[in-house]
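Position in the sequence shown counted from 1, then plus 12, gives you this note's numbering.
We put the CB at the ideal spot given by N, CA and C, even for glycine.
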Amino acid sequence: MSAGLSRRLVLQGAGGLVVGFAFAPAGLAQQAAETPQLGGALPGSLEDAPFLDSWIRVDPKGAVTVFTGKAELGQGIATALQQIAAEELGLSFEAPTIVTADTERTANEGYTAGSHSMQDSGTAIRNAAAQVREILLAEAARQMGAPASQLRLEGGNVLAPDGNRRSYGALAAGLSLHVEAKPESKLTDPAAFRVMGQPLPRIDIPAKVTGGEAYVQDLRLPGMLHGRIVRPPSAGARLTALDMAAAEALPGVVKVVHDGDFLAVVAEQEFQAVKAMRLLAAAAQWQEDATLPDQDRLPEALLALPAQDFPILEQYGATPAAPGRTLEARYSRPYLLHGSIGPSCAVAQQDQDGLLTVWTHTQGVYPDRKAIAEMLGRPPEQVRCIHVQGSGCYGHNGADDAAADAALLAAALPGRPVRVQWMREQEHAWEPYGPAMVAQARATLDEAGRIGDWDYGVWSNTHSMRPGPAGSLLAARHLAKPFPVPAPRPLPQPEGGGDRNAIPLYTLPSARVVHHFLPDMPLRISALRSLGAQMNVFAIESFMDELALAAGADPVEFRLKHLDDPRGRDVIAAAAEAFGWSRGKPAAPGHGRGFAFARYKNLAAYCAVAVEVAVERETGAVRVPRVVAAVDTGQVVNPDGVRNQIEGAVLQSMSWTLYESVGFDRSRITSVDWSTYPILRFDAVPDSVEVRIVDRPGEPFLGCGETGQGPASAALANGIADATGRRLRDLPLTAARIKAAIGV
13 MSAGLSRRLV
23 LQGAGGLVVG
33 FAFAPAGLAQ
43 QAAETPQLGG
53 ALPGSLEDAP
63 FLDSWIRVDP
73 KGAVTVFTGK
83 AELGQGIATA
93 LQQIAAEELG
103 LSFEAPTIVT
113 ADTERTANEG
123 YTAGSHSMQD
133 SGTAIRNAAA
143 QVREILLAEA
153 ARQMGAPASQ
163 LRLEGGNVLA
173 PDGNRRSYGA
183 LAAGLSLHVE
193 AKPESKLTDP
203 AAFRVMGQPL
213 PRIDIPAKVT
223 GGEAYVQDLR
233 LPGMLHGRIV
243 RPPSAGARLT
253 ALDMAAAEAL
263 PGVVKVVHDG
273 DFLAVVAEQE
283 FQAVKAMRLL
293 AAAAQWQEDA
303 TLPDQDRLPE
313 ALLALPAQDF
323 PILEQYGATP
333 AAPGRTLEAR
343 YSRPYLLHGS
353 IGPSCAVAQQ
363 DQDGLLTVWT
373 HTQGVYPDRK
383 AIAEMLGRPP
393 EQVRCIHVQG
403 SGCYGHNGAD
413 DAAADAALLA
423 AALPGRPVRV
433 QWMREQEHAW
443 EPYGPAMVAQ
453 ARATLDEAGR
463 IGDWDYGVWS
473 NTHSMRPGPA
483 GSLLAARHLA
493 KPFPVPAPRP
503 LPQPEGGGDR
513 NAIPLYTLPS
523 ARVVHHFLPD
533 MPLRISALRS
543 LGAQMNVFAI
553 ESFMDELALA
563 AGADPVEFRL
573 KHLDDPRGRD
583 VIAAAAEAFG
593 WSRGKPAAPG
603 HGRGFAFARY
613 KNLAAYCAVA
623 VEVAVERETG
633 AVRVPRVVAA
643 VDTGQVVNPD
653 GVRNQIEGAV
663 LQSMSWTLYE
673 SVGFDRSRIT
683 SVDWSTYPIL
693 RFDAVPDSVE
703 VRIVDRPGEP
713 FLGCGETGQG
723 PASAALANGI
733 ADATGRRLRD
743 LPLTAARIKA
753 AIGV
């Protein structure tokens, strides 16, 4: 958990195969978009960090270090990227060391979001490592006077047929990797893989299961102080009176920090800080306003907000659609918490030279650095952000805000590290939520039972209010001279935000899709895993089942009837076959089955999910005996990691679909603990989750971290409809709502 090597120390190391790091332009990570839009002349993130020494280092002793600007969030990305580098460099998996997101050591890859890590960083590292391998081979050929084609790699050495050898370290002594990447190096043939394609154990797991320093919450530095924040009771509340004397007099209290509506305490021991925080909160008086909508009529409240309409698909057939049966339906989801198991945390320290170092579980170290520097009124070079895993993530939770809190307190107490740990009620009340959404669908079936026309609209706030700007941070908004909240903007297609996956992948002769963007944000919102895709796939795939029922068609056959994409068809067929869909509906009373499919963002991984659902009629409780998913994520690096991601998507989506909803009255958030914000518990986990991988050797990485959320939600909803004969369209599908729909 130490800061590790600084860039200055690395640059001072002579003789290694590195002379400097070439970072991407500073503006890259500050885009309003959720993640940098790459895809130019160079593969993946090489386009924006084109020098090889941004990615690979070989020191004089032969140690290989791999650098990525992406963060390990529990998705296993560090393991997969290490596998890629080891494969292309001819090393064992254990040989290279990987360094993840650090503003002094790694390239600027923006946010770790949108299932882009493999596509962007994995592609960059693979091509960079292949070129480094060829550079080493060429130097070995020169030194040994043998053709490079006759040399082979073994354990960090280059061997000639006559037994002559050179270690990577010896070869590195006279080389530099400060050269631009050229994607001309031959990539290892999948048939020859030794490390890629293997289900290797994740490198981040041991510390997590042995009580090691796995998370930023575990980080302890010498002389560390503990900070706690006193948040306002509600958004927009203003501090009108405060008596700090009692809190300041408590044992161990080092400082009370008060700046406008920002209020915090720093103490020697953690519980001293907690006690002072509670005393300070009791001594503060606030003025609140009742500005929140009526939660019981949330869909109507969203539809009543001013909207900016963006048609994202307008496709009309050559001839008008034949008359047929028209169906319409409205779907909705509430605001959702990230529900991080560990409340947000950060540690910051300002040294005597004015350098502020922040250890944070942010998903974007460069954007977070920019926002913190702006808040403190200093150049970004005086702030270093180092990613350390957090206990719970899935999007823009409170990590960046906790980092800002710690930075403010460390700047007020130079020389000593300050740890800020949020309380559970703060995490639930103040993190940015996944936006509430409404979707309306209309379609006409022709006489042959095919969709003749399609009309779909989705109403949603933006899905990213991440840093860059300082105003994205809670602390910066609460200062006496507050930073303005940046204007919300829709995220552009083809990936989109609220309209992510709003365009069906199906072949439709006539279709119109409109994104009704809502600039007004009744609650604080930002990125939650899969952004708008979960809701849009839930709505579209629920509607596809309703259309199939109206057409008297099997739901799987109905989908295949409207789908031309061959890889999509393969995934649907794989899931249906593994599930045994052709055997028909389960015979047990109260049991049903559901199916759903999507390609994440219509350009990433494909996923189909089939579920068996059991509904207890007397209570409305849902049990899921069995789930089968199929996924095509292109070239697979670690099949166990892919299965982990899809299994996690299934469980998380079950929780969203059956239980989760942010509660609030007209002034405050009311779902501030696990009793008021229930999530999936262990006793509700499916009896069986099977994941079939449709491998595509040699195909580009597609990224699968968010491909399963939408199909899993829709398949569950379709299974409940099949089991009960009643269609529920408003999430969450709680036991109470199911019981009411059944009429028990």
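Around the Cβ of Asp417, a 10 Å sphere holds 16 or more other Cβ atoms; the residue is buried. The beta-carbon separation of Val228 and Thr124, rounded to 15 Å, does not stay under the 8 Å limit for a contact.
With a contact defined as Cβ atoms closer than 8 Å, Gly731 and Gly592 miss out at about 14 Å. Non-local beta-carbon contacts of Asp321 in its own chain, meaning distances under 8 Å to residues more than five positions away in sequence, involve Val526, His527, His528, Phe529 in chain order. Counting along the chain, the unbroken beta strand (DSSP E) around Ile463 starts and ends at 463-472. In this structure Asp467 is in contact with Arg524, their Cβ atoms being roughly 5 Å apart against a cut-off of 8 Å.
Around the CB of Lys597, fewer than 16 other CB atoms lie within 10 Å, so the residue is classed as exposed.
Of all C-beta pairs linking the segment 674-681 to the segment 733-744, fewer than three are shorter than 8 Å, placing the two stretches out of contact.
Residue environment: Ala600 is assigned as exposed (fewer than 16 neighbouring CB atoms within 10 Å of its CB, all protein chains considered). About 6 Å separates the beta carbons of Leu728 and Met666, which is inside the 8 Å limit, making them a contact pair. Looking at Asp71, Ala119, Pro62, the one whose alpha-carbon comes closest to that of Lys82 is Ala119. The DSSP assignment places complete alpha helix (DSSP H) segments of no fewer than 4 residues inside the segment 708-746 at 721-736, in order along the chain. Rounded to the nearest angstrom, the gap between the Cα atoms of Leu517 and Ile691 is 31 Å. When C-alpha distances from Ala295 are compared across Pro72, Ser403, Asp255, the shortest belongs to Asp255. A distance of 7 Å or more separates the beta carbons of His475 and Ala414. Per DSSP, the continuous beta strand (DSSP E) segment holding Asp644 begins and ends at 634-644. When Cβ pairs closer than 8 Å are counted between the two stretches, the segment 145-165 is seen not to touch the segment 395-413, the count staying below three. For the options Arg629, His190, Asp695, Ile705, the alpha carbon positioned closest to that of Gly653 is the one of Ile705.
DSSP, read as helix, strand or coil, puts Trp67 in coil. If you draw a 10 Å sphere on the C-beta of Ile217, you find fewer than 16 other C-beta atoms in it, and that means exposed. Taking all protein chains in view, the Cβ of Gln299 is surrounded by fewer than 16 other Cβ atoms within 10 Å, so the residue is classified as exposed. Of Glu312, Ala617, Glu260, the smallest CA-CA separation from Leu291 is found for Glu260. Boundaries of the alpha helix (DSSP H) around Trp442: 436-442.
Going by beta carbons, Gly56 and Ala136 fall inside the 7 Å limit.
Excluding residues up to 5 positions away in sequence, nothing lies with its Cβ nearer than 7 Å to the Cβ of Asp174 in the same chain. Arg436 counts as exposed, since fewer than 16 other beta carbons sit within 10 angstroms of its beta carbon. Of the candidates Arg579, Gly602, Arg635, Arg595, the residue whose Cα lies closest to the Cα of Phe609 is Arg579. Relative to the Cα of Asp114, the nearest Cα in the group Asp363, Cys397, Glu507, Asp132 belongs to Cys397.
Between Gly722 and Val549, the CB-CB gap stays under 7 Å. For His399, the beta-bridge partners assigned by DSSP are Thr372.
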